[in-house]
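Colleague: Going by this note's numbering, the sequence shown opens with residue 15, and the numbers climb by one from there.
Note that beta-carbon positions come from the ideal geometry of N, C-alpha and C, so glycine has one too.
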Amino acid sequence: MTHPIRRGALPLSLLALATAAALTACGGGGGGGSGFAFFPTPTPPSNPPADSTYKAEIRRTAMGVPHIKADNWPGVGYGYGYAQAEDDLCTMADSFLTYRGERSQYLGADATLLASSTIGMPKNIESDFFHRHVISGDVLKKMIDAQPDNLKKLVEGFAAGYNRYVRDLKAGGAGGAHEACRNEAWVQPIGTDDIYRRMYAANLAGGYSNFLANIAAATAPAPVAPTKVSARSGTGRKAPVQLAALRKLDLPELQVGGHEGVGSNMIGFGTAATGEASPLLFGNPHWYWRGPDRFYQAQLTIPGELDISGTSFLGIPVILIGFNDNIAWSHTVSTARRFGFYQLKLASGDPTSYMRDGAAVKMQASDITVKVKGADGAMTQVTRTLYKSEYGPMVNLAPLNSGLAWSQTMAFAIRDINGENYRTFRNWLRWNQAKSLDDFIAIQREEAAIPWVNTVAVGRGSAKAWYADIGAVPNVSPAQVTDCTTPVGLSIQPSLPRVPIFDGSRSACDWQTDADSAQKGAIGASRMPSLLRDDYVANMNDSYWLANPKAPMTGYPDIMGPAGTEAVSFRTRMGNVLAQSRIDGADSYGAKGATSDIVRRMVLNSRVLTAELFRAEALPIVCDGTPIAVSADPATGESIGPSIDVSAACVALTAWDGTGVTGAKGAHLWDEFWNRASRIPAASLYNVPFDAADPINTPRQLKSSAGTQLREAFGAAVARVQASGFAVDAARGEYLFATRGGKKIPLYGGCGGPGYFTISCSENRLDKGGYTMDGNPNGNSYMQVVRFPEGGVEAHTFLTFSLSDDPASAHNGDYTRAYSEGKWLKVPFSEAEIKADAGYRSTAIAE
Numbered sequence: 015m016t017h018p019i020r021r022g023a024l025p026l027s028l029l030a031l032a033t034a035a036a037l038t039a040c041g042g043g044g045g046g047g048s049g050f051a052f053f054p055t056p057t058p059p060s061n062p063p064a065d066s067t068y069k070a071e072i073r074r075t076a077m078g079v080p081h082i083k084a085d086n087w088p089g090v091g092y093g094y095g096y097a098q099a100e101d102d103l104c105t106m107a108d109s110f111l112t113y114r115g116e117r118s119q120y121l122g123a124d125a126t127l128l129a130s131s132t133i134g135m136p137k138n139i140e141s142d143f144f145h146r147h148v149i150s151g152d153v154l155k156k157m158i159d160a161q162p163d164n165l166k167k168l169v170e171g172f173a174a175g176y177n178r179y180v181r182d183l184k185a186g187g188a189g190g191a192h193e194a195c196r197n198e199a200w201v202q203p204i205g206t207d208d209i210y211r212r213m214y215a216a217n218l219a220g221g222y223s224n225f226l227a228n229i230a231a232a233t234a235p236a237p238v239a240p241t242k243v244s245a246r247s248g249t250g251r252k253a254p255v256q257l258a259a260l261r262k263l264d265l266p267e268l269q270v271g272g273h274e275g276v277g278s279n280m281i282g283f284g285t286a287a288t289g290e291a292s293p294l295l296f297g298n299p300h301w302y303w304r305g306p307d308r309f310y311q312a313q314l315t316i317p318g319e320l321d322i323s324g325t326s327f328l329g330i331p332v333i334l335i336g337f338n339d340n341i342a343w344s345h346t347v348s349t350a351r352r353f354g355f356y357q358l359k360l361a362s363g364d365p366t367s368y369m370r371d372g373a374a375v376k377m378q379a380s381d382i383t384v385k386v387k388g389a390d391g392a393m394t395q396v397t398r399t400l401y402k403s404e405y406g407p408m409v410n411l412a413p414l415n416s417g418l419a420w421s422q423t424m425a426f427a428i429r430d431i432n433g434e435n436y437r438t439f440r441n442w443l444r445w446n447q448a449k450s451l452d453d454f455i456a457i458q459r460e461e462a463a464i465p466w467v468n469t470v471a472v473g474r475g476s477a478k479a480w481y482a483d484i485g486a487v488p489n490v491s492p493a494q495v496t497d498c499t500t501p502v503g504l505s506i507q508p509s510l511p512r513v514p515i516f517d518g519s520r521s522a523c524d525w526q527t528d529a530d531s532a533q534k535g536a537i538g539a540s541r542m543p544s545l546l547r548d549d550y551v552a553n554m555n556d557s558y559w560l561a562n563p564k565a566p567m568t569g570y571p572d573i574m575g576p577a578g579t580e581a582v583s584f585r586t587r588m589g590n591v592l593a594q595s596r597i598d599g600a601d602s603y604g605a606k607g608a609t610s611d612i613v614r615r616m617v618l619n620s621r622v623l624t625a626e627l628f629r630a631e632a633l634p635i636v637c638d639g640t641p642i643a644v645s646a647d648p649a650t651g652e653s654i655g656p657s658i659d660v661s662a663a664c665v666a667l668t669a670w671d672g673t674g675v676t677g678a679k680g681a682h683l684w685d686e687f688w689n690r691a692s693r694i695p696a697a698s699l700y701n702v703p704f705d706a707a708d709p710i711n712t713p714r715q716l717k718s719s720a721g722t723q724l725r726e727a728f729g730a731a732v733a734r735v736q737a738s739g740f741a742v743d744a745a746r747g748e749y750l751f752a753t754r755g756g757k758k759i760p761l762y763g764g765c766g767g768p769g770y771f772t773i774s775c776s777e778n779r780l781d782k783g784g785y786t787m788d789g790n791p792n793g794n795s796y797m798q799v800v801r802f803p804e805g806g807v808e809a810h811t812f813l814t815f816s817l818s819d820d821p822a823s824a825h826n827g828d829y830t831r832a833y834s835e836g837k838w839l840k841v842p843f844s845e846a847e848i849k850a851d852a853g854y855r856s857t858a859i860a861e
């Protein structure tokens, strides 16, 4: 069914959403009764006016997935902006406040962001100063000027489509939708600059975003009379400076928001693995379930010019992970460092000027004023003067250590390679239109723009799968690391491994440029890791080194990540075990071959590698028939009673099937145990240490001498389970769940630490409501298994948290229920498939 919506009319799309509540296409999991009523069929369509500035057709299929079709770039952007707003308006409107730096004006200074994202959850005032400072007018102009014409038209249309939905909603349309925000003053029209700010902000997840509060608070000290510069504050290379109580930062997590589970899995199988003419891609970002960075699934079509299906962040008009008729790709967070610090030697008597090659350079000052709404509704203003150097914004590192504070003689600037990278969305848009895997690879090498992720891709007609960490990465030579790292930098490096902390007083310490560098200061594409294999390539957030363990890659710049070290996660090991066992036919799925059906089952099987490796060894140690004395919890330091009866837990753990599927009984015991046992130093825990020649199978075997520590870990784990109110043999889905419409939806999987490949990583403690995925969790998000049979595309997908975050929407929980039941959506791609979908409905919009 189709109906037109023209300017001035109220949207009828909520009427169609109601119909979708009963859909169960492809086992869509929409059952359970949504309470949505059915409405009469709309009037048959008439064509939008030929002279419309923007017009698009939004065809929705099962789970509400929009397939947006238009004749041109503004039109497809218009449809996409409208569809995203229709499903996720409140989150989008809130995020535009963030990128404009207006949160304090509407929501107060001290409130924090509502949901976690790549900037974490800072206070509104810090977020406002950061975004106004970093995305300044000159930066925004560079961003806009660098975009190709078709992308500019896409952005223009997206903003117009979003505004169309807001305008109609404010006029009283879409009754019952978005009750949380529809009457708020901050839900307002946007301009194209808002989209460009949002796009640029996405660049910064591997750099500036991790230091938001440090940049927002980097104010200069008042000048004082000149004094002699001490050896401590000098920038010459000497012995490391002794800094007390330096807080250690966990950069692999810090780069993507600081929560375990923010990462991804991806495997590309070549034809030697699939046993057929088509390669196959499995992609699965472990990403935010809430907030501005949550994924949105859609298909964008301009006949003869664009036909791409997949996902993007809210507010982004370009597909970031997905497939077209010729290629499919996914991403995982890279280990490459995307930023560095410059220690500045300040000019005598002027803490806002720094020395460079013997000459004083004045910092660029910006007086930034933020409006702040008080508790009484009164509006005040807060002004800060923030500074930029030629390297990038000044950064306050005093929270790491007071000795790193901006003083009269020393200060720090941060440089983010992606702060100067305006090619990212051009790269993705070109990928959206790629004609072959060779075309895809050539684009990646030419643009070298991907900001902070690895890539795996497969293509129609290609026997091989592609892995690459080719993107924007700082170009620092080993000689510079030796010569330019300051004494203070040497002291910081243990907390910031592989982050360049250079002397800013010498141009010799500038990041270098190769002959094939896509931008100044970046490594050239020819020196970044890539691999083509006809069996498989994979990444699970460890470095490029083990994209395929049969062909380990070494010799790349150190800043790209570790190679040959024990920094190999159990999740990486599990992923490679799954892939290689499938190729060998050594798993439980029968004959060899990475077929779509088997891969879809395999990636949801919730196996736990540490349990497979160590449960049989641990049980005799921790379950010897005696209670366990634990004075304090090894994980939290909390006091625990003198004696823990573990007998019932031992029975449950012995009977456990070793997985985290929804019905598995006892998985929480292992999770809680391993989260504590893993704190034991590896040298004390494992009989067989890590071996770089066998990284997938080492370390292994528990040391009997670790028995006392293992028993303490188990006793504390059992105490946690006992305190939770959940039985020791509770089924996984009882305590790992998401809530939609007031009902719990059982889930499966777990966190990467214990070696789950299927990820549902909750931020909640078991004894504080269970492992609920309702707060700010991370885990399986947009999942796709794609192959290229002759004459078409076969794609199965999940959007695990569902398309809409509006509780009133029929698509607030349907996809989540399908995911709970393991029912993949065979998403339609061709025109015939879209129109044949049981949930098909169409809305024409124009203005």
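Is the CB-CB distance between G575 and I431 below 8 Å?
Modeller: Here residue 575 corresponds to residue number 561 of the sequence shown, with the count starting at 1. Here residue 431 corresponds to residue number 417 of the sequence shown, with the count starting at 1. No; because the gap between Cβ atoms is not below 8 Å, this pair is not in contact.
Colleague: What are the residues that DSSP puts in a beta bridge with W301?
Modeller: One-based indexing of the sequence shown puts residue 301 at position 287. Per DSSP, G793.
Colleague: Quick check on S834: buried or exposed, where buried means 16 or more other Cβ atoms within 10 Å of its Cβ?
Modeller: Within the sequence shown, numbered from 1, the residue matching residue 834 stands at position 820. Per the 10 Å Cβ criterion, buried.
Colleague: Counting beta carbon pairs with one atom in the region 73–84 and one in the region 844–858, are three or more of them shorter than 8 Å?
Modeller: The answer is yes - the region 73–84 touches the region 844–858, with three or more Cβ pairs under 8 Å.
Colleague: Just list the residues that DSSP pairs N468 with in beta bridges.
Modeller: What you label residue 468 is simply residue 454 of the sequence shown in a count that begins at 1. Beta-bridge pairing links N468 to T346.
Colleague: Can you grab the Cα-Cα spacing for the pair K184 / V201, in whole Å?
Modeller: For this step, residue 184 is matched to residue 170 along the sequence shown. For this step, residue 201 is matched to residue 187 along the sequence shown. About 9 Å.
Colleague: Can the beta-carbon of T105 be found less than 8 Å from the beta-carbon of P306?
Modeller: Residue numbering aside, residue 105 sits at position 91 when the sequence shown is read from its first letter. Residue numbering aside, residue 306 sits at position 292 when the sequence shown is read from its first letter. Cβ distance < 8 Å, so T105 and P306 count as in contact.
Colleague: Just to confirm my understanding: we take V243, look at its own chain, exclude 5 residues before and 5 after, and list those with CB closer than 7 Å. What are they?
Modeller: Taking the sequence shown and counting its residues from 1, one reaches residue 243 at position 229. Interpretation of V243 is limited by its pLDDT of 47, a score under 50 that renders its predicted location unreliable; the figure taken from the coordinates is listed afterwards. Only T423 meet the Cβ criterion.
Colleague: Can you list, in chain order, the residues of its chain whose CB lies under 7 Å from that of A489, leaving out five sequence neighbours each side?
Modeller: Taking the sequence shown and counting its residues from 1, one reaches residue 489 at position 475. Here residue 489 is Asn; the residue named in the question, Ala, does not match the sequence. Correct list, in chain order: W525, Q526, T527, D528, S531, G535, A536 and I537.
Colleague: Mind checking N701: buried by the 16 CB within 10 Å criterion, or exposed?
Modeller: Taking the first residue of the sequence shown as position 1, residue 701 is located at position 687. It is exposed - the Cβ of N701 has fewer than 16 other Cβ atoms within 10 Å.
Colleague: Considering only the beta carbon of each residue, do D470 and S344 sit closer than 8 Å?
Modeller: Within the sequence shown, numbered from 1, the residue matching residue 470 stands at position 456. Within the sequence shown, numbered from 1, the residue matching residue 344 stands at position 330. Inspection of the sequence shows that residue 470 is occupied by Val rather than by Asp. Yes, the pair counts as a contact, with Cβ atoms nearer than the cut-off.
Colleague: So, N553 versus Y436, is the Cβ gap smaller than 8 Å?
Modeller: Reading the sequence shown from its first residue, position 539 is the one you call residue 553. Reading the sequence shown from its first residue, position 422 is the one you call residue 436. Against a cut-off of 8 Å, the Cβ pair of Y436 and N553 comes out as no contact.
Colleague: Considering V238, what are the terminal residues of the beta strand (DSSP E) in which it resides?
Modeller: Translated into positions along the sequence shown, residue 238 becomes position 224. Where V238 is concerned, there is no enclosing beta strand (DSSP E), given that its DSSP letter is neither H nor E.
Colleague: Return the bridge partner residues of V702 from the DSSP annotation.
Modeller: For the purposes of this step, residue 702 is identified with residue 688 of the sequence shown, where counting begins at 1. BP columns for V702 point to R714.
Colleague: Find the nearest neighbour of D611 within the set G175, A824, L545 and R596, judged by alpha-carbon distance.
Modeller: Looking up residue 611 in the sequence shown gives position 597. Here the closest residue by C-alpha is R596.
Colleague: Which same chain residues end up closer than 6 Å to V396 when comparing Cβ atoms and leaving out the 5 residues on each side of it in sequence?
Modeller: Against the sequence shown, residue 396 aligns to sequence position 382. Correct list, in chain order: V384 and V386.
Colleague: Taking the CB atoms as reference points, tell me whether S776 and L750 lie closer together than 8 Å.
Modeller: Position 762 of the sequence shown holds residue 776. Position 736 of the sequence shown holds residue 750. A contact, by the Cβ cut-off of 8 Å.
Colleague: Would C400 pass as a contact of S380 if the rule is Cβ separation under 8 Å?
Modeller: On the sequence shown, position 386 is the one that residue 400 refers to. On the sequence shown, position 366 is the one that residue 380 refers to. The sequence given here places Leu at residue 400; Cys does not occur at that position. Against a cut-off of 8 Å, the Cβ pair of S380 and L400 comes out as a contact.
Colleague: Kindly indicate which three-state DSSP category Q507 falls into: helix, strand or coil?
Modeller: Taking the first residue of the sequence shown as position 1, residue 507 is located at position 493. In the structure shown, Q507 sits in coil (DSSP, three-state: anything other than H, G, I, E or B).
Colleague: Here's the rule: buried if 16 or more other CB atoms are within 10 angstroms of the residue's CB, otherwise exposed. What is G91?
Modeller: If you number the sequence shown from 1, residue 91 lands on position 77. Classification of G91: buried, given that the 10 Å Cβ count is 16 or more.
Colleague: Can you find the residues in the same chain that come closer than 8 Å, C-beta to C-beta, to D124, ignoring five residues on each side of it along the sequence?
Modeller: Looking up residue 124 in the sequence shown gives position 110. K137, N138 and I139.
Colleague: Under a three-way DSSP split, which group does I19 fall into?
Modeller: Along the sequence shown, one-based indexing puts residue 19 at 5. With a pLDDT of 45 at I19, under the threshold of 50, the modelled position of this residue cannot be trusted, and the question is left open.
Colleague: Figure out for me which residue from V622, P648 and T206 has the closest Cα to the Cα of A681.
Modeller: Mapped onto the sequence shown, residue 681 falls at position 667. Of V622, P648 and T206, the residue nearest in Cα terms is V622.
Colleague: Whose CA, out of G674, P768 and Q736, lies closest to the CA of A745?
Modeller: As a first step, residue 745 must be located in the sequence shown, where it is residue number 731. Taking only the C-alpha atoms, the option nearest A745 is G674.
Colleague: So does the region 677–697 actually touch the region 637–644, counting three or more Cβ pairs closer than 8 Å?
Modeller: No, the region 677–697 does not touch the region 637–644.
Colleague: With DSSP run on the structure shown, which of helix, strand or coil describes G739?
Modeller: Residue 739 sits at position 725 when you count from the first residue of the sequence shown. Three-state DSSP puts G739 in coil, outside helix and strand.
Colleague: For the alpha helix (DSSP H) containing V169, list its first residue and its last residue.
Modeller: Start at 1 with the first residue of the sequence shown, and residue 169 comes out as number 155. Per DSSP, V169 belongs to the alpha helix (DSSP H) from D163 to K184.
Colleague: For C664, I'd like the list of residues in its chain whose CB is within less than 8 Å of its CB, leaving aside the five on either flank, ordered along the chain.
Modeller: Numbered from 1 along the sequence shown, position 650 holds the residue referred to as residue 664. Result list for C664: L633, V636 and C637, in chain order.
Colleague: I need the DSSP call for C637, collapsed to helix, strand or coil.
Modeller: Start at 1 with the first residue of the sequence shown, and residue 637 comes out as number 623. Of the three classes helix, strand and coil, the one that applies to C637 here is coil, per DSSP.
Colleague: Rounded to whole angstroms, how far is the Cβ of S323 from the Cβ of F802, which I believe are closer than 8 Å?
Modeller: The residue you call residue 323 lines up with position 309 of the sequence shown. The residue you call residue 802 lines up with position 788 of the sequence shown. With a Cβ gap of about 13 Å, S323 and F802 do not count as contacting.
Colleague: With a threshold of 6 Å on Cβ separation, who are the neighbours of G747 within its own chain once the five nearest residues in sequence on each side are excluded?
Modeller: As a working mapping, residue 747 is identified with position 733 in the sequence shown. T676 and P760, listed in sequence order.
Colleague: Excluding five sequence neighbours on each side, which residues of the same chain lie with their C-beta closer than 7 Å to the C-beta of R246?
Modeller: Stepping through the sequence shown from its first residue, residue 246 is reached at position 232. Below a pLDDT of 50, predicted positions are generally treated as unreliable, and R246, at 44, falls in that range; the measurement from the model is reported next regardless. Hits under 7 Å: V255.
Colleague: So, using beta-carbon positions, are V582 and P709 closer together than 8 Å?
Modeller: What you label residue 582 is simply residue 568 of the sequence shown in a count that begins at 1. What you label residue 709 is simply residue 695 of the sequence shown in a count that begins at 1. Yes, they are a contact pair.
Colleague: Return helix, strand or coil for I848, following the three-state DSSP convention.
Modeller: Taking the first residue of the sequence shown as 1, we reach residue 848 at position 834. Note: I848 maps to helix in three-state DSSP.
Colleague: Going along the chain, which residues of its own chain have a beta-carbon closer than 6 Å to the beta-carbon of Y68, five neighbours each way excluded?
Modeller: Mapped onto the sequence shown, residue 68 falls at position 54. Excluding positions up to five away in sequence, the list reads P88, G89, Y92, G171, A174 and E861.
Colleague: Please give the ranges of any beta strand (DSSP E) in the region 306–368, keeping only runs that are unbroken, at least 3 residues long and fully inside the region.
Modeller: Listed in chain order, the complete beta strand (DSSP E) runs (minimum 3 residues) inside the region 306–368 are 309–316, 320–327, 335–337, 341–347 and 353–361.
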